[in-house]
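Protein chains in written order, with this note's numbering: chain A, 2 to 343; chain B, 2 to 343.
Quick reminder that beta carbons are idealized off the backbone N, C-alpha and C, glycines included.
All values reported here derive from a predicted model rather than from experimental measurement.
There are 2 protein chains.
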Amino acid sequence: MATIFDVARRADVSVATVSRVINHPGKVTEKTRQKVNTAMEACGYVYNALAMGLSTKRSRTIGIVIPNIINPIFSESTRGIQDYASEKGYHVILVNTDYLYEKEKRLVNLLREKQVEGLVLTTNKPGGEVVHGLIKDEFPFVLIYSHPKHPGVAFVGVDNIQGGFRATELLISLKHRRIGMIALDFSLSDRSYQRWLGYRRSLKKNGLPYDPGLVVQTEYAFEKGEKAVELLMGLPHPPTAIFCSNDILALGAMKGFKEIGKRIPEEISIVGFDDIAFSKFVAPPLTSIHQPAYEMGWKATEILFELLSKIPVQASRHRILLDTELAVRQSCAPFFKKKVKN
Amino acid sequence: MATIFDVARRADVSVATVSRVINHPGKVTEKTRQKVNTAMEACGYVYNALAMGLSTKRSRTIGIVIPNIINPIFSESTRGIQDYASEKGYHVILVNTDYLYEKEKRLVNLLREKQVEGLVLTTNKPGGEVVHGLIKDEFPFVLIYSHPKHPGVAFVGVDNIQGGFRATELLISLKHRRIGMIALDFSLSDRSYQRWLGYRRSLKKNGLPYDPGLVVQTEYAFEKGEKAVELLMGLPHPPTAIFCSNDILALGAMKGFKEIGKRIPEEISIVGFDDIAFSKFVAPPLTSIHQPAYEMGWKATEILFELLSKIPVQASRHRILLDTELAVRQSCAPFFKKKVKN
DNA sequence: TTGTAGGCGTTATCAG
DNA sequence: CTGATAACGCCTACAA
């Protein structure tokens, strides 16, 4: 591969000059610039951004850590991150944790070894050692989706407790009294736990008893939502409505209900969380708590770049809480008490 | 930041030794290894993979070029790529072209500047200059989704012509005679063009006339599919069935039909292409041509690593055609001729 | 405006 | 088994 050196020789200038035409074309005569450019063409020169990174200690790369790119909510925020980063001339390295904290830990380290300048991090333990390590080393990062426990940490997200609360309020307003929840295992996702907190708060506010038997924690997959339905409907006193901590589980649950012949929303109401683009197309259209994922990614990256610029900004500007919206669709209906057989 | 040098000083060994315990721990005494490891701990050493890349000329990074990570078909293949790469200790840099060739060209260059060792490329012009440039420079890459014109180029994909053919055959077997197509603009996507070829082939085989008015080329977006419906249904002699070149357009089209009160499949049949995970959940479940996207990504990366290993393999092993499958669901129904009013 | 030379953090070769 | 040292390709004072 041709290097800056080869180009220099060919153009009969110094490497410094070549470097200049690359980085500060203004600081070079038109004539020499031309010479250098044609020399570059001639030897098929390809700039080596690695060497640049080593030399300047700026890789122009950031890392994105998410649970799983397959989940549309994460592809949306990823796209938001990429679009902002790319405007700044940065690239992204993308890794998936599959909600596994050990993997998250390992990947964050690998990303740091790759010299990413900063991280947009979706963590499963906002108070965990990954975040603490980053803080200790003053490594630039911004959390998305989860709220950091630590006050100085930048983040962009929605109020998950409030989201869970809203979802449940809707169901209760529809006269449902036995409301189940299918949640991502709390050990896997802090967001899921928060949403459950909101669910409980709503129950409490409305004087409804909390029945732990109505909450099933599971893993991330359509099938898991499906399975959860079996479990829930096998109960002696099954729920008439279900809140799912994400849309994937909700879709799985819907499938599960259809399979056992339960009609949605006549016999069972469902509300999801995330409001991925597809939720409005499913049958019936899924009621869900909307998160502005693209915007979250974009904003997070905006903040990350502020952090990188090292010009100090008030920490308050680094904690952004976007609004969730309740997207009401046809997967929920009022509950009518059936006649009780004697 | 602590470097290998700091560690060496602290452990009272040479940098060479430190490097050894990192890369070939076997070639070092247990004792010195311990010394070095504790020294690394002590100064919070973080390995610099950039420097390694410069020195070894291996960045342990590959590039992924796709139109848009938002499209689930691409997140699936991306995940397949990532999973294989990560098994080999590689990371990926992901970029979106938005089906824009200029962008593709620019991004491929940037990726090469970042010294990615290879590329898994989704191109819009398999015979274009991007691919040719790569070939000329003997840069390792494998194409996915599209078929290269050039014989030596590695690729993994499905037979798009056959896919389009199958979709259309299904519709024809259901007695449809006016079959429209909503396609991604051929200038944007070579796949779309191929699928159209298959569509035409099927028409021809069945002795149906080809009506260009029934084919609308558009951009990638739900709304574009929706718009296309207006256009098609405004025709004096509108279609009774529609083949869409991808599921996103199909979902948009379905929405469009619902909005004008056309029932699917009773009044209009629809078949898509890609069979993304969500297509089975929509209303009605979408008939679609299934592409094994995850597997395509995985296989493509497998091949890429063979290419990287420089051990020569038969080119034939580098051209993989996976099977499409026709996933028949409820968005298609037989066409019954309506009574003609006199 | 242009050139010289040292440094960025690793690896790898070659001695010891 | 360990150490010294020259690359790797680029950037950036500092000089000229």
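Check                                                                                                                                                                                           : Outcome
Check L233 (chain B) in the structure and name its three-state DSSP category.                                                                                                                   : helix
Taking Q83 (chain B) as the query, report the chain A residues whose CB atoms sit under 8 Å from its CB, ordered along the chain.                                                               : I70, L95, V96, N97
Go to E103 (chain A), then tell me how far its beta strand (DSSP E) extends in each direction, as first and last residue.                                                                       : Looking at the DSSP string, E103 (chain A) is not in any beta strand (DSSP E); the run it does join, the alpha helix (DSSP H), is 102-114.
State buried or exposed for V341 (chain B), treating a residue as buried only when at least 16 other CB atoms are found within 10 Å of its CB.                                                  : The predicted model places V341 (chain B) with a pLDDT of 46, which falls under 50 and marks its position as unreliable; any figure quoted below should be read in that light. With fewer than 16 other Cβ atoms within 10 Å, it is exposed.
Counting only beta-carbon atoms, is K106 (chain A) nearer than 8 Å to chain B?                                                                                                                  : no
With A251 (chain A) as the anchor, note down where its alpha helix (DSSP H) starts and where it stops.                                                                                          : 248-260
Are the CB atoms of L95 (chain B) and I65 (chain B) within a distance shorter than 8 Å?                                                                                                         : yes
Quick one: is Q292 (chain B) buried, meaning 16 or more other Cβ sit within 10 Å of its Cβ, or exposed?                                                                                         : buried
Give every residue of the same chain whose Cβ lies closer than 7 Å to the Cβ of K225 (chain B), excluding the five residues on either side of it in the sequence, and list them in chain order. : T219, L250, G253
Can you find a C-beta in chain A that's less than 8 Å from the C-beta of S289 (chain B)?                                                                                                        : no
If you draw a straight line from the C-alpha of A155 (chain A) to the C-alpha of I304 (chain A), how long is it?                                                                                : 8 Å
Taking buried to mean at least 16 other C-beta atoms within 10 Å of its own C-beta, is N49 (chain A) buried or exposed?                                                                         : buried
Do P68 (chain A) and N97 (chain A) have their C-beta atoms within less than 8 Å of each other?                                                                                                  : yes
Find the residues of chain B that neighbour H300 (chain A), judging by a C-beta separation of less than 7 Å, and give them in chain order.                                                      : One detail in the question is off: residue 300 (chain A) reads as Lys in this sequence, not His. Within chain B, no residue comes near K300 (chain A); the closest Cβ sits about 18 Å away, beyond 7 Å.
In chain order, what residues of the segment 239-256 of chain B put their CB closer than 8 Å to some CB of chain A?                                                                             : L252, M255, K256
Cutting at 7 Å between CB atoms, please list the residues of its own chain near F306 (chain A), excluding the five before and the five after it.                                                : K89
Looking at the unbroken alpha helix (DSSP H) that takes in F306 (chain B), where does it start and where does it end?                                                                           : 294-309
Quick one: which chain A residues come within Cβ less than 7 Å of S76 (chain B)?                                                                                                                : I70, I71, S76
Taking the alpha-carbon of G165 (chain A) as reference, which of A:G257, A:G134, A:Y194, A:N207 has the nearest alpha-carbon?                                                                   : A:Y194
By Cβ distance below 6 Å, which residues in the same chain neighbour S332 (chain A) in space, the five residues on each side in sequence not counted?                                           : I265, P266, I271, P285, L287, T288
Use the C-beta contact count for R318 (chain A): other C-beta atoms within 10 angstroms, 16 or more gives buried, fewer gives exposed.                                                          : exposed
Check whether the Cβ of D138 (chain B) lies closer than 8 Å to any Cβ atom in chain A.                                                                                                          : yes
For chain B, check one thing: does any of its Cβ atoms lie closer than 8 Å to the Cβ of K352 (chain A)?                                                                                         : It is not possible to answer for residue 352 (chain A), since the shown part of chain A is limited to 2 through 343.
Which stretch, first to last residue, makes up the alpha helix (DSSP H) that contains F244 (chain A)?                                                                                           : F244 (chain A) -> not in any alpha helix (DSSP H); beta strand (DSSP E) instead, spanning 242-245.
Could you give the distance in angstroms between the alpha-carbon of Y102 (chain B) and the alpha-carbon of M234 (chain B)?                                                                     : 32 Å
Would you kindly check if the distance between the Cβ of L323 (chain A) and the Cβ of V157 (chain A) is under 8 Å?                                                                              : yes
State yes or no: is the C-beta of T57 (chain B) nearer than 7 Å to some heavy atom of the ligand FMN?                                                                                           : Inclusion of the ligand FMN in the displayed structure is not the case, the ligand content being empty and no account of it being possible.
So if I threshold CB-CB distances at 9 Å, which residues from the segment 118-136 of chain A count as touching chain B?                                                                         : none
According to the neighbour-count rule (16 or more other Cβ atoms, all chains shown, within 10 Å of its Cβ), is F6 (chain A) buried or exposed?                                                  : exposed
So the candidates are A:A222, A:V131, A:S78; which of them puts its Cα closest to the Cα of R345 (chain A)?                                                                                     : This structure cannot speak to residue 345 (chain A), because chain A is shown only from 2 to 343.
Exposed or buried, what is M2 (chain A) when buried is set at 16 or more other beta-carbons lying within 10 Å of its beta-carbon?                                                               : exposed
Provide the residue span of the alpha helix (DSSP H) that contains I136 (chain A), from first to last.                                                                                          : 130-137
So, at 7 Å on beta carbons, what are the nonlocal neighbours of L309 (chain B) in its own chain, with the 5 sequence-adjacent residues on each side left out?                                   : E118, G119, P141
Using the Cα positions of Q163 (chain B) and S203 (chain B), report the straight-line distance between them to the nearest angstrom.                                                            : 9 Å
Determine the extent of the alpha helix (DSSP H) in which A43 (chain B) is found, giving its start and end residues.                                                                            : 31-43
DSSP three-state label for T79 (chain B), please.                                                                                                                                               : helix
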